[in-house]
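Below: the structure, in structure tokens.
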Amino acid sequence: MQVSALMELKKDKKMMDLLKYNSYWLKELNRNPLSVKMYKNDMKVKYRLRTTDKISDAIDNIDIISNVLSALK
129 MQVSALMELK KDKKMMDLLK YNSYWLKELN RNPLSVKMYK NDMKVKYRLR TTDKISDAID
189 NIDIISNVLS ALK
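Residue numbers (our numbering): 129 to 201.
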């Protein structure tokens, strides 16, 4: 693996964890170091780090809080 791709992966602990559990990415990153962007996108999907996921989680939390408050009335 190229040093630049390895340094990019070591920046984030979640990237290294995903690499441990999905070792097929090692082969892809060794063959094409430019696939780091695809790897990051896959990580964001698996760990729910996309903006839409964060908004959805926030809406779910607001719904839960409003349901609890309405039940306490």
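We put the beta carbon where it would ideally sit given N, CA and C, even for glycine.
Of the residues Lys148, Ile192, Ala133, Asp188, which one's Cα is nearest the Cα of Ser163?
Within the sequence shown, numbered from 1, the residue matching residue 163 stands at position 35. Comparing Cα-Cα distances from Ser163 to each of Lys148, Ile192, Ala133, Asp188, the minimum goes to Ala133.
State the Cα-Cα distance for the pair Tyr152 and Ser184, rounded to the nearest angstrom.
For this step, residue 152 is matched to residue 24 along the sequence shown. For this step, residue 184 is matched to residue 56 along the sequence shown. Each residue's alpha carbon lies about 30 Å from the other.
Local Cβ density within 10 Å of Leu137, reported as buried at 16 or more and exposed below that:
By one-based count along the sequence shown, residue 137 stands at place 9. Around the beta carbon of Leu137, 16 or more other beta carbons sit within 10 angstroms, so the residue counts as buried.
Going by beta carbon distance, what residues of the same chain come within less than 8 Å of Tyr175, once the five residues before and after it are set aside?
By one-based count along the sequence shown, residue 175 stands at place 47. Cβ within range, chain order: Lys142, Leu146.
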